[in-house]
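In this note's numbering, each residue carries its 1-based index in the sequence shown increased by 774.
Note that beta-carbon positions come from the ideal geometry of N, C-alpha and C, so glycine has one too.
Keep in mind it's a predicted model, so treat the numbers as computed, not measured.
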Amino acid sequence: MSDSLTMRLIAQLVPEGARVLDLGCGDGAMLDLLQRERGCTGYGIEIADANVLACVQRGVNVIQRNLEAGLDLFDDGSFDVVLQLDTLQHLRNAETMLRETVRVGRIGIVAFPNFAHWPNRLSVLRGRMPVTRRLPYQWYDTPNIRVGTYRDFAALAQKNRLRLLDAFGLHEGRQVRFLPNARAGTAVFKVERS
C-alpha cells in the first residue's frame, strides 16, 4: 500500500499512541507514518530482504519472517492494532491469519484489492482478467494467490465471528461508503473478536 492518500486514510483508523503490528509491512512506510504522525510504536513483519533493509533505514522495527509460519511469537492481545494491508491476498492461510490478527491484536485493520470493483467486472465480462492500478499484474505473473471482494470478506468475518467496527471502500484517495463492492478499488475493514 503505497498511495499516500490511502495510507493517511487508513492511518486515521489507528488510535494515537497505539502499539501496532504490521503484517507484510513492505518498506515500512505505514509504520513510519504512524510513528511520526500518530505517536504509535510497534513492529513490522516482512520476508523480503530489500524491504527489511528499507524498514531498518527508516527506523522501523522489523522482524524478518514468513507470515505462513503464523504469529506464534506473540501472546494474545500483544498489540492494540494489527494491520494487514495488501497482505491477505498473498497468503495461503488467509483465514488462519485473519483469526491470528484478532488474537494478537485488540483490533485488526485489513485492506486488499476489491476484485468486484466495476472495471474488474467489465474486464472479466469481456473475457480478460483485469489489469488495473490496484491489480497491476497479468494473470500469469501475479503475486496474488487469490482475489477477493468486499462482500466476500464481510462474509468471512461473519463466519469467523468477528465484529465489524467499520467497513468501507477506497477509490482514488476517497472513502466509498455507498455500494463499495462495485465502486471501490480497495476494500477496508476494521474488525475485532466478538
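Per DSSP, GLU811 is one residue of the alpha helix (DSSP H) stretching across 803–812. Its Cα nearest to that of LEU865, the residue ILE821 stands out among ASN835, GLN831, LEU899, ILE821.
Beyond the five residues adjoining it in sequence on each side, VAL856 comes within less than 7 angstroms, by CB distance, of LEU795, LEU797, THR875, VAL878, GLY879, GLY882 in the same chain, given in chain order. Per the DSSP secondary-structure output, ASN888 pairs in a beta bridge with GLY922.
Between the beta-carbon of ALA931 and that of ALA890 there is about 16 angstroms, and that puts the pair past the 8 angstroms contact cut. Burial state of PRO910 is exposed, judged by a 10 Å Cβ sphere holding fewer than 16 other Cβ atoms.
Residue environment analysis places ILE919 among the exposed positions, since fewer than 16 neighbouring C-beta atoms fall within 10 angstroms of its C-beta. Counting only residues of its own chain and dropping the five nearest sequence neighbours on each side, LEU779 has a CB closer than 7 angstroms to the CB of GLY947. Rounded to the nearest angstrom, the gap between the Cα atoms of ASP926 and ASN888 is 10 angstroms. Around the beta-carbon of VAL898, fewer than 16 other beta-carbon atoms lie within 10 Å, marking it exposed. Annotated as proximal: ASN835 and GLY818, with beta-carbon spacing under 8 angstroms.
Nearest to ARG793 by alpha-carbon distance, out of PRO893, ARG812, ASP777, ASP801, is ARG812. Relative to ILE837, the option among LEU859, GLU869, VAL950, ASP801 whose CA is nearest is ASP801.
Pairing VAL826 with GLN858 gives a Cβ-Cβ distance that is not under 8 angstroms.
If you draw a 10 Å sphere on the C-beta of GLY791, you find fewer than 16 other C-beta atoms in it, and that means exposed. Excluding five sequence positions before and after GLN949, the CB atoms of its chain that fall closer than 6 angstroms to its own CB belong to PHE942, given in chain order. ARG908 counts as buried, since at least 16 other C-beta atoms from the protein chains shown sit within 10 angstroms of its C-beta.
Annotated three-state conformation of VAL962 is strand, per DSSP. Rounded to the nearest angstrom, the Cβ distance from VAL965 to LEU944 is 16 angstroms, too far for a contact under 8 angstroms. Secondary structure of GLU820 (DSSP, three-state): strand.
Take THR815, set aside five residues on each side of it, and the residues of its chain with a beta-carbon closer than 6 angstroms to its own are ARG793, in chain order.
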